[in-house]
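In this note's numbering, the protein residues as written are 3 to 291.
In what follows, a single structure is set out as structure tokens and then discussed.
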């Protein structure tokens, strides 16, 4: 029963993340990318900063400047900047499908940099997943959109974040990590503004509503995913992360009129199936150990 509750919470988290992505894409029609990122960073830092103070936790723990935390924040920064840019520039369904390759890159990074054992079956699954990503972005073919590489960069950044998280001391709480990660986005956003020269836009009534929804849904999704990991077994709950692509496809078609073609759907199937197989092999390996 606990596993089913965890799966329900994880599915809810993925639905809410997909809805948050929808709000971000709607905002991108009126506001520059850097301004959206600055708003998300300030809003998230405010919420998690208040939560940390409520629980009596320091906003800047002693380990805040440790190498692992700095690398994690860098990965979060790159991943967030790239994914928000991808959402703004390419179809939501395509960006979300590419994002599903993140667990595969984490497995690859764990094998290459953390010394974790990865057998030939999981190496094969990683290659199949990467082939799926190539089918989605189709480099060298007529349907190739170079802007889809922002989603690939997001995968690399978020994988770096997840790998660095494994090396962070247990004394740093999830709330503290989230506060620091969101806070990092604010100066990065203004750096992006300087680099692009895009002027700020004064939000209007509807924009403020979208901003409020983006921050609220982001916090709700975070709460749901943390609850999911605490309620059920991680190996059982984690595969339900892939429900995000289903929700993104539905929202993309219903709200933005997207029509994914056969290659994109086949590529997404490759990515999801290889990711699920990798999770299954990891679970089996740990059980055997």
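Heads up, the beta-carbon is just placed ideally off N, CA and C, and yes, glycines get one too.
Measure the beta-carbon distance from residue i to residue j and round it to whole angstroms, keeping in mind my assumption that it falls under 8 Å.
i, j, result
"residue 134", "residue 270", "7 Å"
"residue 73", "residue 166", "4 Å"
"residue 223", "residue 22", "6 Å"
"residue 12", "residue 243", "6 Å"
"residue 33", "residue 205", "7 Å"
For residue i versus residue j, is the C-beta distance shorter than 7 Å?
i, j, result
"residue 92", "residue 27", "no"
"residue 71", "residue 35", "no"
"residue 162", "residue 77", "yes"
"residue 29", "residue 38", "yes"
"residue 239", "residue 230", "yes"
"residue 120", "residue 127", "no"
"residue 63", "residue 188", "no"
"residue 24", "residue 203", "no"
"residue 233", "residue 4", "yes"
"residue 6", "residue 226", "no"
"residue 45", "residue 217", "yes"
In chain order, what residues of the same chain have a beta carbon less than 7 Å from the beta carbon of residue i, not counting five sequence neighbours either side?
i, result
"residue 147", "92"
"residue 156", "81, 84, 85, 88 and 101"
"residue 53", "177"
"residue 273", "99, 102, 103, 131, 134 and 135"
"residue 260", "93, 94, 95 and 254"
"residue 50", "177, 180, 181 and 184"
"residue 215", "25"
"residue 277", "102, 105, 106, 131 and 244"
"residue 124", "109, 280 and 283"
"residue 59", "175, 177 and 178"
"residue 118", "112"
"residue 169", "70"
CB-CB under 6 Å to residue i, same chain, minus the five flanking residues each way: which ones, in chain order?
i, result
"residue 265", "137"
"residue 186", "75 and 79"
"residue 219", "18, 21 and 22"
"residue 164", "108"
"residue 149", "91 and 92"
"residue 190", "79"
Which residues in the same chain as residue i place their Cβ atom closer than 8 Å to its Cβ, once the five residues preceding and following it in sequence are excluded?
i, result
"residue 228", "176"
"residue 194", "35, 36, 39 and 83"
"residue 145", "263 and 265"
"residue 151", "139"
"residue 299", "In the structure displayed, the chain extends from 3 to 291; residue 299 sits before or after that span and is not available."
Please report whether the beta-carbon of residue i lies at a distance below 7 Å from any beta-carbon of chain C.
i, result
"residue 29", "You won't find chain C in this structure, because it holds only one protein chain."
Any contact between the stretch 170 to 190 and the stretch 9 to 25? By contact I mean 3 or more CB pairs, one from each, below 8 Å. Not touching, per the Cβ criterion.
The stretch 210 to 225 contacting the stretch 102 to 114, beta-carbon criterion three pairs below 8 Å: These segments do not touch.
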